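Data block below; observations after.
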Amino acid sequence: MEAYTLSFVGVLALCLLSILLAIYSGSSKGRAGALSGPVVPADDDNLLYRIDRVHMNSVEALAPFVVPAVLAMMVGVGATTLAVLVWAHVVIRL
């Protein structure tokens, strides 16, 4: 599994990105006086809505990417190939 270190770091970077977006979304809602649970009304001109959607999108996209990445490690996909794919996904998500 040491061969997949770069892939693990990439997956952890995606998790960290999701956590940072959760903090940013929550603090933005708090500053605006909005509750953290309810969904903000859909309005593309509303910055709070857009921040919330970015966070929700990152959460929704995390599992469908991480599970196949871990399965690829388990079946022995080339470490370099997987690292390139994981980091390409990280860059695209940014």
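No gaps in the numbering here: position 33 of the sequence shown is 32 in numbering that gives the first Met the number 0, and each next residue is one more.
Beta carbons are placed, not taken as given, at the ideal position from N, Cα and C, and that holds for glycine.
Just so it is clear, the structure is predicted and the values come from calculations on it, not from any experiment.
Under the DSSP assignment, L19 falls in the alpha helix (DSSP H) whose first and last residues are T4 to A31. Contact between the segment 44-55 and the segment 79-88 is absent, with fewer than three C-beta pairs closer than 8 angstroms.
With respect to the C-alpha of H54, the residue from V10, A2 and C14 having the closest C-alpha is C14.
Setting aside the 5 residues that flank it on each side, V65 is surrounded in the same chain by V10, each with a C-beta closer than 6 angstroms to its C-beta; the list follows chain order.
If you draw a 10 Å sphere on the C-beta of S26, you find fewer than 16 other C-beta atoms in it, and that means exposed. For the pair E1 and M72, the Cα-to-Cα distance works out to about 11 angstroms. Cβ neighbours of S24 within its own chain (closer than 6 angstroms, five residues either side excluded): I50, D51 and H54.
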